[in-house]
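Worksheet: the structure to be examined is printed underneath.
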């Protein structure tokens with residue numbers, strides 16, 4: 001069971017939850033908080049709860065599986081040059097890429113021309129249930145998403161389904177969504193080839 005395990009009522013228990021500490025920029029990754037050094041902590045509450053919206057279809061405009069997660073946080077498939085004009089209207093400050101694909105020359109020019117900070121934080125694709133993504137990788141992505149200084153932010157993988165879906169599911173659990181609701185949103189974007197089932201605990 002992960003750090004995002006559900007409590008008896010299906011919700012995260014705010015008084016005892018370790019998520020605020022784990023998401024702190026001062027966390028050393030070994031279960032302890034590093035000295036504060038007057039660094040500002042990233043917030044883990046105060047966001048609107050957000051709603052689960054239908055995916056954007058393939059085609060020009062915004063990338064496939066594009067959606068607003070909450071105000072200032074977006075998800076999608078890999079942005080292509082045909083999408084740049086629409087994405088520009090979002091006034092993004094940050095893009096988080098969850099795959100190792102080399103960014104195209106057009107992509108690099110787009111982020112440079114628009115002053116966008118790009119993070120590449122690969123999550124390896126696999127279907128082996130015994131292989132898990134590094135908790136540190138997940139937490140680093142969540143720190144970026146929960147830091148309002150990075151907003152507006154877009155997080156994406158290749159298809160905007162599995163890797164992006166799992167990150168957003170963890171984000172939802174940190175928001176306080178029930179495990180059932182977080183997994184249901186993941187399945188909506190990843191069906192019919194979902195890697196998680198309704199019984200999967202995050």
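In UniProt numbering, the protein residues as written are 1 to 202.
Backbone N, C-alpha and C define an ideal beta-carbon position, used for all residues, glycine too.
Note that the structure is a prediction, hence the values are computed from the model and not measured.
Would you identify the three-state DSSP class for residue i, choosing helix, strand or coil?
{"i": "residue 156", "result": "strand"}
{"i": "residue 176", "result": "coil"}
{"i": "residue 38", "result": "Low confidence applies here, because residue 38 scores a pLDDT of 34, under 50, leaving its location unreliable; read the following figure in that light. Of the three classes helix, strand and coil, the one that applies to residue 38 here is coil, per DSSP."}
{"i": "residue 162", "result": "helix"}
For residue i, I'd like the list of residues in its chain whose CB is within less than 7 Å of its CB, leaving aside the five on either flank, ordered along the chain.
{"i": "residue 144", "result": "94, 96, 119, 150 and 153"}
{"i": "residue 161", "result": "65, 189 and 190"}
Grab the span of the alpha helix (DSSP H) containing residue i for me, first residue to last.
{"i": "residue 180", "result": "179–190"}
{"i": "residue 137", "result": "135–146"}
Spatial neighbours of residue i within its chain, please: C-beta separation below 6 Å, excluding the five flanking residues on both sides.
{"i": "residue 180", "result": "none"}
{"i": "residue 157", "result": "98, 99, 163 and 164"}
{"i": "residue 63", "result": "76, 77, 79 and 83"}
{"i": "residue 92", "result": "116, 152 and 154"}
Output needed for residue i: all residues of its chain with C-beta closer than 8 Å, excluding positions within five of it in sequence on either side, in chain order.
{"i": "residue 84", "result": "106 and 110"}
{"i": "residue 90", "result": "74, 152 and 154"}
{"i": "residue 101", "result": "78 and 158"}
Would a check of beta-carbon distances place residue i closer than 8 Å to chain B?
{"i": "residue 174", "result": "Chain labels in this structure do not include chain B; a single protein chain is all it has."}
Quiz item: What are the uninterrupted segments assigned as beta strand (DSSP E) that are 3 or more residues long and contained completely in the stretch 45–124, given in chain order?
Solution: 67–70, 73–76, 94–97 and 117–120
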